Amino acid sequence: MHYVKMMEKPIVRKCCNNQLWLVILISFVLCFVLLCFDYSALTGNQDGVTAVLVSNYENPITTQKSESLQFTTSLNETLIRPNRTDFITRQSSKDQQSVKEKPGADSCSGEYIYIHDLPRRFNQELIESCESITVGTERNMCPYLVNSGLGHEVENFEGVLLNKSWYATNQFSLAVIFHNKMKQYKCLTNDSSLASAIYVPFYAGLDVGRYLWGVKASIRDQSSFDFVKWMVSQPEWKKMWGRDHFLVVGRISWDFRRQTDNESDWGSKLRFLPESNNMSMLSIESSSWNNDYAIPYPTCFHPSKDSEVLQWQDKMRRQKRPYLFSFAGAPRPDLQDSVRGRIIEECQASKNLCKLLECSYGVNGAITCDNPGNVMKLFQNSVYCLQPAGDSYTRRSIFDAILAGCIPVFFHPGTAYAQYKWHLPQNYSKYSVFIPVKDVKDWKAGINETLLRIPEERVMSMREEVIRLIPSIIYADPRSRLETFEDAFDLAVKGILDRIDGVRKVIRDGGDPSSGFADGDDFKYTFSGYRGET
Numbered sequence: 001m002h003y004v005k006m007m008e009k010p011i012v013r014k015c016c017n018n019q020l021w022l023v024i025l026i027s028f029v030l031c032f033v034l035l036c037f038d039y040s041a042l043t044g045n046q047d048g049v050t051a052v053l054v055s056n057y058e059n060p061i062t063t064q065k066s067e068s069l070q071f072t073t074s075l076n077e078t079l080i081r082p083n084r085t086d087f088i089t090r091q092s093s094k095d096q097q098s099v100k101e102k103p104g105a106d107s108c109s110g111e112y113i114y115i116h117d118l119p120r121r122f123n124q125e126l127i128e129s130c131e132s133i134t135v136g137t138e139r140n141m142c143p144y145l146v147n148s149g150l151g152h153e154v155e156n157f158e159g160v161l162l163n164k165s166w167y168a169t170n171q172f173s174l175a176v177i178f179h180n181k182m183k184q185y186k187c188l189t190n191d192s193s194l195a196s197a198i199y200v201p202f203y204a205g206l207d208v209g210r211y212l213w214g215v216k217a218s219i220r221d222q223s224s225f226d227f228v229k230w231m232v233s234q235p236e237w238k239k240m241w242g243r244d245h246f247l248v249v250g251r252i253s254w255d256f257r258r259q260t261d262n263e264s265d266w267g268s269k270l271r272f273l274p275e276s277n278n279m280s281m282l283s284i285e286s287s288s289w290n291n292d293y294a295i296p297y298p299t300c301f302h303p304s305k306d307s308e309v310l311q312w313q314d315k316m317r318r319q320k321r322p323y324l325f326s327f328a329g330a331p332r333p334d335l336q337d338s339v340r341g342r343i344i345e346e347c348q349a350s351k352n353l354c355k356l357l358e359c360s361y362g363v364n365g366a367i368t369c370d371n372p373g374n375v376m377k378l379f380q381n382s383v384y385c386l387q388p389a390g391d392s393y394t395r396r397s398i399f400d401a402i403l404a405g406c407i408p409v410f411f412h413p414g415t416a417y418a419q420y421k422w423h424l425p426q427n428y429s430k431y432s433v434f435i436p437v438k439d440v441k442d443w444k445a446g447i448n449e450t451l452l453r454i455p456e457e458r459v460m461s462m463r464e465e466v467i468r469l470i471p472s473i474i475y476a477d478p479r480s481r482l483e484t485f486e487d488a489f490d491l492a493v494k495g496i497l498d499r500i501d502g503v504r505k506v507i508r509d510g511g512d513p514s515s516g517f518a519d520g521d522d523f524k525y526t527f528s529g530y531r532g533e534t
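Under UniProt numbering, residues 1 to 534 are what the sequence shown spells out, in order.
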């Protein structure tokens, strides 16, 4: 019996050892299976579910979605997954987009923009009361604010306009156009802590357009005061005290830089408010202060796909141009320093070399130059398009000329060279002719002789450069997105992101971000450093 008992112990121990190893083996197999399943879930196809970081703006415009894009939420909702950012990237394949997620990589790094959800009185209500907004000397902006700010569609005028991408666009609509394009920006975020820039959709140009004539200065300024009061109350303001904020207006910057409270002085004092001074403003014409930046006037061409741009460029290359130069505009007899009168005189004296389109009230009170067909027909038939300053340094005609493949001729550096540095080449002689006129009393332009002296090979080179610039000076239809071209909006966004990144670098290096941020530049609009034709 003792022997039997002694033999039982090792038998039991051996059995227990076998059971322990079996449990370990089964546990290992289960862990391996679970790991494989988890890995397949992480790396599997996720095309059907896409998280998109979008703005918290309440009323996004309707978009034309590609068939390859499948959203699980509407554009005014946000689906955020923890510890992961999904973003939209563009394919180089033909006119298609796909939504991709790249583990460990973020193509939007440094490019995220947050849109402030302003009270409606600063944007949407201005559109709703559009009949009170001034268009030149006439009231009622309403016809120009339809179609996301593009205006009504324009019929093809005598075959001049080629396709159905043309609209009766007003320059004062730029803020609305830009806002609608920003809603479709590929790197929007509703998390302001991720944003490299804060976009503020205050339609300051439409607001002041209600009060420019015969209205007290205090009324003109009221919205500006209310706006900055709201801005500084937001948590995003304290991050950089507004130096990462920007807004866009469809008027010249000078309309917001009234320096006194005299009732007779022009515009509002928005840009001289201390809080606004910390922000950057993009407008159709910049001032001489460093926190104002010029971006192109909107033209009437708003393509919805790349092929429309390519077709238009090809048409401009093949265009016959019977006139040496042309001018579309009206004299400025009330402006003593204006060269327009002399230009009109030279054009009229040049007979068949020059074509003049006087911007006057035509049939039914319509201004002839407001019809894009009239302007495009003139510029398409011209080798050079004269661009003197108007009521201010700049004019929309600059971009109409480039759009028509017509080489612009400038008489003052403030009309383009000192303005559109994000959109036009720094080497201005590549795309334009400069005939400096410092004082109209010393007019010795000799436009005919100057232009005729330019060699033909340089003419061809300048025209090709002008045609190449077309995508960069147009605003594509906000309801779509170009695939391979960067338009004026894209370049403006790049420019402002670089500007803000430069401010951050100053802060990182221990510098003062306010130094030079909003300083005045007394030399910006001088002739120094610019060489004209000889």
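Even for Gly, the Cβ is constructed at its ideal location relative to N, Cα and C. Keep in mind the model is a prediction, meaning the values are calculated, not measured.
- Item | Where the beta strand (DSSP E) through Gln-387 begins and ends | Following the DSSP letters along the chain, one finds Gln-387 inside the beta strand (DSSP E) bounded by residues 382-387.
- Helix, strand or coil: which one does DSSP assign to Met-231? Here Met-231 sits in helix by DSSP.
- Pick from Glu-449, Gly-341 and Gln-319 that is closest to Leu-403, judged by C-alpha positions: Nearest option by C-alpha distance: Gln-319.
- Assign Gly-205 to one of three DSSP states: helix, strand, or coil. Helix, per DSSP.
- Query: Three or more beta-carbon pairs under 8 Å between the region 468-481 and the region 176-189, yes or no?
  - Reply: Yes: the two stretches touch, three or more of their Cβ pairs being nearer than 8 Å.
- DSSP puts Ile-115 in a beta bridge; with which residues? DSSP lists Tyr-199 as the beta-bridge partner residues of Ile-115.
- Message: Assuming contact is defined by CB atoms lying nearer than 8 Å, are Ile-252 and Ile-284 in contact in what I supplied?
- Response: Cβ distance < 8 Å, so Ile-252 and Ile-284 count as in contact.
- Query: How many angstroms separate the CA atom of Asn-59 from the CA atom of Leu-452?
  - Reply: Caution applies to Asn-59, whose pLDDT of 36 falls short of 50 and renders its modelled position unreliable; the value that the coordinates give is listed next. Approximately 54 Å between the Cα atoms of the pair.
- Message: Looking only at its chain, what residues have a beta carbon closer than 6 Å to the beta carbon of Gly-446, apart from the 5 residues adjacent to it on each side?
- Response: Contacts found: none.
- Query: When the Cα atoms are used, what is the spatial distance from Glu-256 to Glu-275?
  - Reply: Reading off the sequence, residue 256 comes out as Phe, not Glu. Straight-line measurement puts the Cα of Glu-275 at about 14 Å from the Cα of Phe-256.
- Query: Along the chain, where does the alpha helix (DSSP H) that runs through His-152 open and close?
  - Reply: Run containing His-152: none; DSSP gives neither H nor E here.
- Message: With DSSP as the reference, identify every bridge partner of Glu-358, one or two as the case may be.
- Response: Bridge partners of Glu-358: Gly-329.
- Who are the near neighbours of Gln-458 in its chain, counting only those whose CB is closer than 6 Å to its CB and skipping five residues on each side? Correcting the residue type first, residue 458 is Arg in the shown sequence and not Gln. Cβ within range, chain order: n/a, list empty.
- Task: From the DSSP output, in three-state form, read off Ser-40 for me.
- Result: With a pLDDT of 40 at Ser-40, under the threshold of 50, the predicted position of this residue should be treated as unreliable, though the coordinate-derived value follows. Three-state result, Ser-40: helix.
- Message: With a threshold of 8 Å, are at least 3 pairs of Cβ atoms found where one atom belongs to the region 365-382 and the other to the region 141-153?
- Response: The region 365-382, when compared against the region 141-153, does not touch it at the 8 Å Cβ threshold.
- Item | Cα-Cα separation, Gln-348 to Asn-170 | Taking the straight line from one Cα to the other gives about 29 Å.
- Measuring CA to CA, which of Ile-507, Phe-523, Ile-435 and Leu-357 is closest to Glu-533? Ile-435 is the residue among Ile-507, Phe-523, Ile-435 and Leu-357 whose C-alpha sits nearest the C-alpha of Glu-533.
- Nearest candidate by alpha-carbon position, reference Leu-212, set Glu-263, Glu-308 and Asp-191: Comparing Cα-Cα distances from Leu-212 to each of Glu-263, Glu-308 and Asp-191, the minimum goes to Glu-263.
- For His-179, name the three-state secondary structure that DSSP assigns. Looking at His-179 - three-state DSSP - the assignment turns out to be helix.
- Task: Determine the burial state of Pro-143: buried for a count of at least 16 other Cβ atoms within 10 Å of its Cβ, exposed for fewer.
- Result: So Pro-143 counts as exposed.
- Query: Trp-266 by DSSP, collapsed to three states: which one?
  - Reply: If DSSP states are grouped into helix, strand and coil, Trp-266 belongs with coil.
- Query: Roughly how many angstroms separate the alpha carbons of Arg-243 and Asp-487, rounded to a whole number?
  - Reply: When rounded, the separation of the alpha-carbon atoms in Arg-243 and Asp-487 is 25 Å.
- Collapsed DSSP secondary structure at Glu-285 in the structure displayed: Correct three-state label for Glu-285: strand.
- Task: With a 10 Å radius around its C-beta and 16 neighbouring C-beta atoms as the bar for buried, classify Ser-165 as buried or exposed.
- Result: Only buried fits Ser-165, as 16 or more other CB atoms lie within 10 angstroms of its CB.
- In three-state DSSP terms, what is Ala-294? Residue state, collapsed to three classes: strand.
- Item | Backbone secondary structure at Val-493 - three-state DSSP | The three-state secondary structure of Val-493, taken from DSSP, is helix.
- Message: Give me the DSSP bridge partner(s) of Gly-520.
- Response: In the DSSP assignment, Gly-520 forms a beta bridge with Trp-289.
- Message: Suppose contacts are defined by Cβ-Cβ distances below 8 Å. Is Pro-425 in contact with Phe-527 by that definition?
- Response: It is not a contact, given that the beta carbons lie outside the stated cut-off.
- If we ignore side chains and look at the alpha-carbon of each, how far apart do Lys-216 and Lys-315 end up? Across the structure, Lys-216 and Lys-315 are spaced so that their CA atoms are roughly 50 Å apart.
- Task: Would you list the residues sitting across from Pro-322 in a DSSP beta bridge?
- Result: Answer is none; Pro-322 lacks a bridge partner.
- CA-CA distance, residue 548 and Tyr-323? Nothing about residue 548 can be read from this structure; the chain reaches only from 1 to 534.
- By the 10 Å Cβ neighbour count, where 16 or more other Cβ atoms means buried, how is Thr-189 classified, buried or exposed? So Thr-189 counts as buried.
- Query: Hey, out of Arg-531, Trp-230, Ala-518 and Tyr-530, whose CA is closest to Trp-289's CA?
  - Reply: Among Arg-531, Trp-230, Ala-518 and Tyr-530, the Cα nearest to that of Trp-289 belongs to Ala-518.
- Query: Is it buried or exposed for residue 585, if we count other Cβ within 10 angstroms and need 16 for buried?
  - Reply: Any property of residue 585 remains undetermined from this structure, which presents the chain solely from 1 to 534.
- Runs of beta strand (DSSP E) lying entirely within the region 382-433, each at least 3 residues, in chain order: List check, beta strand (DSSP E) in window: 382-387 and 407-410.
- Message: According to DSSP, is Leu-188 part of a helix, a strand, or is it coil?
- Response: Strand at Leu-188.
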